[in-house]
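Asks: In our numbering, the protein residues as written are 4 to 136.
We treat Cβ as the ideally placed atom computed from N, Cα and C, and that holds for glycine.
I have a structure I would like to understand better, so I am pasting it below and will then ask my questions one at a time.
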């Protein structure tokens with residue numbers, strides 16, 4: 004095994020429900036070998052994802068020198084549902100929600116701008132069309 008490099012940066016991605024503590028059982032195998040506490044990290048993830056409460060979002064953990072920084076990488080669907088301003092729902096009780104509502108073109112452009120780095124479209128117009136589905 005190569006010697007430990009304190010400057011090496013490792014990225015860990017996981018999907019979790021916004022505003023809730025990520026399951027430590029799912030987190031432990033991913034961050035345990037990096038020398039991080041899954042329980043402490045789950046609390047940090049819950050704090051960072053409060054704006055996406057009830058929605059499944061991807062979380063990026065940047066681990067450097069046994070310190071993790073949490074950042075949210077929302078999907079297009081999560082951004083669109085957030086833009087609809089739907090009321091909070093209990094995931095465990097309310098199933099198969101039909102999302103209904105209108106969003107303005109300005110909101111759609113804002114979502115497309117946020118998704119632009121991860122889009123495969125050569126132009127912003129293509130990214131807007133991707134958001135429309």
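How long is the line joining the alpha carbons of residue 133 and residue 30, rounded to whole angstroms?
Replies: Approximately 31 Å between the Cα atoms of the pair.
Asks: Classify residue 45 as buried or exposed, calling it buried when 16 or more other Cβ atoms lie within 10 Å of its own Cβ.
Replies: The residue is buried, with at least 16 neighbouring Cβ atoms inside 10 Å.
Asks: When you compare the CB of residue 26 with every CB in chain B, is at least one pair closer than 8 Å?
Replies: Chain labels in this structure do not include chain B; a single protein chain is all it has.
Asks: What is the rounded straight-line gap between the Cα of residue 65 and the Cα of residue 19?
Replies: Those two C-alpha atoms are separated by around 16 Å.
Asks: What do you reckon, are the CB atoms on residue 74 and residue 63 nearer than 8 Å?
Replies: Yes. Within cutoff.
Asks: Which residues mark the beginning and the end of the alpha helix (DSSP H) in which residue 53 is found?
Replies: No alpha helix (DSSP H) contains residue 53, which DSSP labels as neither H nor E.
Asks: Among residues of its own chain, excluding the 5 on either side of residue 115, which ones have a beta-carbon nearer than 7 Å to its beta-carbon?
Replies: So the qualifying residues of the chain are 127, 130, 131 and 134.
Asks: Using the Cβ count rule (16 or more neighbours within 10 Å means buried), how would you classify residue 34?
Replies: Per the 10 Å Cβ criterion, buried.
Asks: Cα-Cα, which of 14, 86, 117 and 112 is closest to residue 104?
Replies: Closest option to residue 104, Cα to Cα, is 86.
Asks: Look at residue 25 and residue 37 and say whether their C-beta atoms are less than 8 Å apart.
Replies: It is not a contact, given that the beta carbons lie outside the stated cut-off.
Asks: Tell me residue 65's beta-bridge partners as DSSP assigns them.
Replies: Its beta-bridge partners are 14 and 72.
Asks: Does the beta-carbon distance from residue 78 to residue 61 come in below 8 Å?
Replies: Yes. Within cutoff.
Asks: Going by other Cβ atoms of all chains shown within 10 Å of its Cβ, with 16 needed for buried, is residue 141 buried or exposed?
Replies: What the structure shows of the chain is the stretch from 4 to 136, and residue 141 is not part of that stretch, so it cannot be assessed.
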